[in-house]
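Read the structure below first, then the notes.
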Amino acid sequence: MAKLMRQVMMTLKLLPGFMGMSLAKKINPTYPPDDLQPWLRSKQRLSSDFLNLMTELDFQEDSPFEAFNKVEVPVLLFIGDKEKMSIVSEDTAAKIAALNPRVQVAHLAGASHDIRRTRFEGYMPALKAFLHQVYA
């Protein structure tokens with residue numbers, strides 16, 4: 001997956017603006033039009049060093065989870081659907097929540113990696129409910 005992401009990001013960095021926008025529309029067909037240009041610019045500014053490092057990292061199976069044991073504040077972990085390129089699966093989110101009772105999971109069906117943009121109508125109510133619970 002990291003290699004594919006690197007290829008897509010490098011392609012977006014190298015394409016002329018009008019071609020990048022065309023590709024951005026195909027990659028993100030549900031994004032509002034005014035979100036496409038900032039999305040594209042963020043991909044074009046992404047560090048090539050980071051992209052190269054992504055493909056070289058070799059995470060041990062449990063190492064990403066260790067950080068969640070140390071979290072001492074409430075966390076709302078939004079997840080979407082893996083088939084829509086969401087990064088965290090339901091199983092992984094459940095494992096994280098089991099490691100730390102401060103972690104709450106909000107699964108927004110149909111959401112991609114960019115949950116706020118692809119499921120805004122579900123994102124805001126979940127966020128408001130979480131904040132109300134934390135600050136009530």
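Quick note on full-length UniProt numbering: the sequence shown kicks off at 1 and runs consecutively. We put the beta carbon where it would ideally sit given N, CA and C, even for glycine.
In this structure the stretch 39-55 does not touch the stretch 68-79; the number of beta carbon pairs closer than 8 Å is below three. Shown here for Leu-46: same chain residues with a beta carbon closer than 8 Å to its own, the five before and five after excluded, namely Met-9 and Lys-13 in chain order. Segment contact: the stretch 21-35 against the stretch 63-74, fewer than three CB-CB distances shorter than 8 Å; contact not assigned. Comparing alpha-carbon positions, the option among Glu-83, Met-54 and Ala-126 lying closest to Leu-4 turns out to be Met-54.
Bounds of any alpha helix (DSSP H) do not take in Val-105; it lies within the beta strand (DSSP E) bounded by 103-107.
Residues Pro-74 of the same chain have their beta carbon placed closer than 6 Å to that of Val-134, with the five preceding and five following residues left out of the count. Only residues of its own chain outside the window of five on either side were considered, and among them Tyr-123 have a CB closer than 7 Å to the CB of Arg-116, listed in chain order.
Between Leu-108 and Arg-119, the beta carbon gap of about 4 Å places them in contact (Cβ cut-off 8 Å). The Cβ atoms of Val-103 and Ala-97 sit closer than 7 Å to each other. Rounded to whole angstroms, the gap between the alpha carbons of Glu-90 and Asp-34 is 30 Å. Cβ-Cβ distances below 6 Å link Val-105 to Leu-77, Ala-93 and Ala-97 in the same chain, with the five nearest sequence neighbours on each side left out; the list follows chain order. Secondary structure at Val-88: coil, using DSSP grouped into helix, strand and coil.
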